[in-house]
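Asker: Take a look at this one; I'll ask things after.
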Amino acid sequence: MDTIFSISDDVDDNENVDIDELYERNMKRSKDVLTLYNNILRRIHSKIRNTSRASKEQHIWYLVPEVIVGIHYYNQMDCIRYILERLTSNGFRNSYTHPNLIFVTWNHWVPNYVRSEWSKKTGKKIDNYGAEIKDEIKSPFIIKNTEQKQKTQESIYKDISAYVPTGKFK
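Going by numbering that gives the first Met the number 0, the sequence shown wraps up at 169, each residue one higher than the last.
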């Protein structure tokens, strides 16, 4: 009869644990989690495309699932953080409402054809968000005067060996 102290006596005491195998399991689990989060992100992208095609709306609401049946390692908050980070890096503006609602909008984006028309009409370039891009004149003939800046910095500071106490604090 096995007790808690004598479970599987037939196992060799000299058996070693392979540390690489432990890391490989963690890596596989991390990849599975990332694949799951990317699938949810793909659903959001699909909803964005469908909304953009079907109507003039430029925003969507998405409910992140609280639980996914059959997947025990799903963490909703980590998934929401990942989705918000990816959507922001993709150029969307988004906001999160507790516990699982995400608002995604793309109405701030200025499309390429609008930017090119704006550039033709005004002669000014704008970025994807509508802010004007100021071109700095880069000419090999322009020499910046850096000596004057160095002189002003040198005159602000004194050498510590030049300090002479006044004797006021005795």
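Where is the CB? At the ideal position from N, CA and C, for every residue including glycine. As the structure is a prediction and not an experimental result, all values here were calculated from the model.
Let me check one thing: in DSSP terms, what residues is N93 bridge-paired to?
Answerer: For the purposes of this step, residue 93 is taken as residue 94 along the sequence shown, with counting starting at 1. In the DSSP assignment, the residues bridged to N93 are V103.
Asker: Go to H44, then tell me how far its alpha helix (DSSP H) extends in each direction, as first and last residue.
Answerer: On the sequence shown, position 45 is the one that residue 44 refers to. It spans 18-53 - the alpha helix (DSSP H) in which H44 sits, taken as one unbroken run.
Asker: Apart from the five residues on each side of it in sequence, which residues of its chain come closer than 6 Å, Cβ to Cβ, to N106?
Answerer: As a first step, residue 106 is located in the sequence shown; it is residue number 107 there, counting from the start. Closer than 6 Å at Cβ, skipping near neighbours: Q57.
Asker: Just to confirm, is the Cβ distance from C78 to Y128 under 8 Å?
Answerer: In the sequence shown, counting from the first residue as 1, residue 78 sits at position 79. In the sequence shown, counting from the first residue as 1, residue 128 sits at position 129. Contact: no.
Asker: If we count the other Cβ atoms within 10 Å of its Cβ and call it buried at 16 or more, is N93 buried or exposed?
Answerer: As a working mapping, residue 93 is identified with position 94 in the sequence shown. When all chains shown are included, N93 counts as buried.
Asker: Measuring straight from C-alpha to C-alpha, what distance separates G166 and K157?
Answerer: Residue numbering aside, residue 166 sits at position 167 when the sequence shown is read from its first letter. Residue numbering aside, residue 157 sits at position 158 when the sequence shown is read from its first letter. Each residue's alpha carbon lies about 19 Å from the other.
Asker: Alpha carbon to alpha carbon, how far is N89 from H44? Give it in angstroms, no decimals.
Answerer: For the purposes of this step, residue 44 is taken as the residue at position 45 of the sequence shown. For the purposes of this step, residue 89 is taken as the residue at position 90 of the sequence shown. Rounded to the nearest angstrom, the two C-alpha atoms are 11 Å apart.
Asker: Mind checking V16: buried by the 16 CB within 10 Å criterion, or exposed?
Answerer: Residue numbering aside, residue 16 sits at position 17 when the sequence shown is read from its first letter. Its Cβ having fewer than 16 others within 10 Å, V16 is exposed.
Asker: On the DSSP bridge list, what partners appear for Y61?
Answerer: As a first step, residue 61 must be located in the sequence shown, where it is residue number 62. BP columns for Y61 point to I101.
Asker: So R85 and L40 are in contact, right, with Cβ under 8 Å, and what is the actual spacing, rounded?
Answerer: To locate residue 85, count along the sequence shown from 1; it is residue 86. To locate residue 40, count along the sequence shown from 1; it is residue 41. Rounded, the Cβ-Cβ distance is 6 Å, consistent with contact.
Asker: My output table needs one value for K119: the three-state DSSP class, helix, strand or coil.
Answerer: As a working note, residue 119 is residue 120 in the sequence shown. Of the three classes helix, strand and coil, the one that applies to K119 here is helix, per DSSP.
Asker: Please state whether the Cβ-Cβ distance between I67 and K46 is less than 8 Å.
Answerer: Stepping through the sequence shown from its first residue, residue 67 is reached at position 68. Stepping through the sequence shown from its first residue, residue 46 is reached at position 47. For I67 and K46, no; Cβs fall outside 8 Å.
Asker: Assign I79 to one of three DSSP states: helix, strand, or coil.
Answerer: By 1-based counting over the sequence shown, the position of residue 79 is 80. DSSP places I79 in helix when its eight states are reduced to three.
Asker: Count the other CB atoms, across all protein chains shown, that sit within 10 Å of the CB of I82; report buried if there are 16 or more and exposed otherwise.
Answerer: As a first step, residue 82 must be located in the sequence shown, where it is residue number 83. So I82 ends up on the buried side.
Asker: Determine the DSSP secondary structure at E56, reduced to helix, strand or coil.
Answerer: Indexing the sequence shown from 1 puts residue 56 at position 57. In this structure, E56 counts as coil in the three-state DSSP scheme.
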